[in-house]
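Colleague:
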Amino acid sequence: MYINTKSKFEEYETVKSRIEKFKKNFSADFSIVIRAGKNTEESIVRYANSINADLISIGIKKKKGLSLFFTDRVSESVISLSDIPVLAVKNPG
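The sequence shown begins at 4 in my numbering and counts up by one.
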């Protein structure tokens, strides 16, 4: 899922192409969802609720330096906003 926001907007075809390339690396069947929203976290939770999801799986990255103090993690916000269980998975690298 990709959420297009005002502050982080990308053209639909650019996002779709990048996700299609990512999808080729996996044998699992999953669909591509691109949504526009004011807030990434709320958009993820709203979409999960709309499809009656049993679980939200979200990737996390390790933070370093000053970013530990000045930025909010999307994963943390999704966990706090959602009534649906959230599985946070560390991204490799």
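We put the beta carbon where it would ideally sit given N, CA and C, even for glycine. Small disclaimer: the values here were computed from a predicted structure and weren't measured.
Thinking just about the alpha-carbon of each residue, which of Asn55, Arg76, Ile54, Asp57 is nearest to the one in Ile63?
Modeller: Sequence index remark: in the sequence shown, residue 63 carries index 60 (1-based). For Ile63, the nearest C-alpha among the options comes from Arg76.
Colleague: Hey, Ile47 and Ile37: beta-carbon distance below 8 Å or not?
Modeller: The sequence position of residue 47 within the sequence shown is 44, counting from 1. The sequence position of residue 37 within the sequence shown is 34, counting from 1. No. Outside cutoff.
Colleague: For Val92, which of Arg21, Ser78, Glu23, Leu84 has the nearest alpha-carbon?
Modeller: To locate residue 92, count along the sequence shown from 1; it is residue 89. Closest by alpha carbon: Ser78.
Colleague: Does the separation of the CB atoms of Ala39 and Ser85 fall below 8 Å?
Modeller: One-based indexing of the sequence shown puts residue 39 at position 36. One-based indexing of the sequence shown puts residue 85 at position 82. Going by C-beta atoms, Ala39 is not nearer than 8 Å to Ser85.
Colleague: Using the Cα positions of Ile6 and Lys26, report the straight-line distance between them to the nearest angstrom.
Modeller: On the sequence shown, residue 6 is found 3 positions in, with the first residue counted as 1. On the sequence shown, residue 26 is found 23 positions in, with the first residue counted as 1. Straight-line Cα distance between these residues: approximately 17 Å.
Colleague: Can you tell me which of the three DSSP states Arg76 falls into?
Modeller: Walking along the sequence shown from the start, residue 76 turns up at place 73. Reduced to three states, the DSSP call for Arg76 is coil.
Colleague: Assuming contact is defined by CB atoms lying nearer than 8 Å, are Val89 and Ile54 in contact in what I supplied?
Modeller: Counted from its first residue, the sequence shown places residue 89 at position 86. Counted from its first residue, the sequence shown places residue 54 at position 51. Contact: no.
Colleague: Thinking C-alpha only, which one of Ile87, Asn28, Ser34, Asn42 is nearest Lys11?
Modeller: Here residue 11 refers to the residue found at position 8 when the sequence shown is read from its first residue. For Lys11, the nearest C-alpha among the options comes from Asn42.
Colleague: What residue does the alpha helix (DSSP H) around Lys24 start on, and which one ends it?
Modeller: To locate residue 24, count along the sequence shown from 1; it is residue 21. Start and end: 15-26.
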